[in-house]
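The next block holds one structure in the form of structure tokens; read it before the comments.
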Amino acid sequence: ETGVTQTPRHLVMGMTNKKSLKCEQHLGHNAMYWYKQSAKKPLELMFVYNFKEQTENNSVPSRFSPECPNSSHLFLHLHTLQPEDSALYLCASSQEGTHTGELFFGEGSRLTVL
Amino acid sequence: GESVGLHLPTLSVQEGDNSIINCAYSNSASDYFIWYKQESGKGPQFIIDIRSNMDKRQGQRVTVLLNKTVKHLSLQIAATQPGDSAVYFCAEKSGYGNKLVFGAGTILRVKS
Chain A
1 ETGVTQTPRH LVMGMTNKKS LKCEQHLGHN AMYWYKQSAK KPLELMFVYN
51 FKEQTENNSV PSRFSPECPN SSHLFLHLHT LQPEDSALYL CASSQEGTHT
101 GELFFGEGSR LTVL
Chain B
1001 GESVGLHLPT LSVQEGDNSI INCAYSNSAS DYFIWYKQES GKGPQFIIDI
1051 RSNMDKRQGQ RVTVLLNKTV KHLSLQIAAT QPGDSAVYFC AEKSGYGNKL
1101 VFGAGTILRV KS
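Those protein sequence lines, which keep their order, are chains A and B. At position 66 of the first sequence (counting the first as 1) the number is 66 in the numbering used here, and the numbers step up by one without a gap. For the numbering used here, count along the second sequence from 1 and bump the result up by 1000.
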């Protein structure tokens, strides 16, 4: 148990569907992240939220839409995805403003786009 | 730059032997480094970290070595166990920003 919970753990969707991934952290952290993990590629940072404000959008296509209603919850809304978007989507949290910045990851949401 | 379709390096070790996993980083301004372990079906888990003012740090059965001259980081695992089988990632960061940059990963396979 890492203190970061992601749901659903597995999701299969068609290219015309709309779905959302949810992340909740119970660690009292003030920063949350979405990462994409594709097979045999380094972890790719997608979005960063500090104190609920988006501070980084790493050139992510608009078919991925993040939402951070408070510092404990983070969503990733998905619409009109492509098969190449199939990947493991990892949520993480950290305490921003420290010189360490260790990330605590959830177990991930495995997305398959048909 | 980003690599596409990487063939992850694999390290196979016999149970009980020591393992050494290596990582080269590119940003000479990086001043904080972390090793993560990712088991199949799970998210990455923190193993050990080190700041750039140190060249060695020890944890339980793990040691991280940092060579800033050649921008090289290594993770040593003593008495490797089957439960150590996983993908290991190094990550680097500079300053007080949030942005951790991850390496591609190394697969560790432990043979019983």
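Note that CB positions come from ideal geometry on N, CA and C, so glycine has one too.
Taken through DSSP and simplified to helix, strand or coil, ASP85 (chain A) comes out as helix.
PRO61 (chain A) is classed as exposed because its beta carbon has fewer than 16 other beta carbons within 10 Å across all chains shown. Beta-carbon to beta-carbon, PRO1009 (chain B) and PHE105 (chain A) are separated by about 22 Å, too far to satisfy the 8 Å threshold.
Within chain A, PHE105 have C-beta atoms less than 7 Å from the C-beta of PRO1044 (chain B), given in sequence order. The CB of THR2 (chain A) comes closer than 8 Å to the CB of GLY1043, GLN1045 in chain B, given here in chain order. Against chain B, the CB of LEU45 (chain A) has a partner CB under 8 Å away; the residue lies at that interface. Relative to THR5 (chain A), the option among A:ASN58, A:TYR33, A:GLU102, A:MET15 whose CA is nearest is A:TYR33. At a cut-off of 8 Å, the C-beta of ASP1055 (chain B) has no neighbouring C-beta in chain A. Residue contact check for ILE1034 (chain B) against chain A: a CB pair falls below 8 Å. For the beta strand (DSSP E) assignment, the uninterrupted runs of no fewer than 3 residues enclosed by the stretch 1051-1075 of chain B are, from N- to C-terminal side, 1056-1058, 1062-1067. The beta carbon of LYS1093 (chain B) sits closer than 8 Å to some beta carbon of chain A. Annotated three-state conformation of PRO1082 (chain B) is helix, per DSSP. Straight-line spacing of the CA atoms in GLY101 (chain A) and LEU21 (chain A) works out to 24 Å. For ASP1049 (chain B), the secondary structure class from DSSP, reduced to helix, strand or coil, is strand. Residues of chain B with a Cβ closer than 9 Å to the Cβ of LEU78 (chain A) do not exist, since the nearest Cβ in that chain sits about 19 Å away. For GLU96 (chain A), no beta strand (DSSP E) run applies, since DSSP gives it neither H nor E. Contact annotation: in the stretch 84-99 of chain A, residues whose CB is within less than 7 Å of a CB in chain B are LEU90, SER94, GLU96, GLY97, HIS99. Take CYS1090 (chain B), set aside five residues on each side of it, and the residues of its chain with a beta-carbon closer than 6 Å to its own are CYS1023, TRP1035, LEU1073, GLY1103, in chain order.
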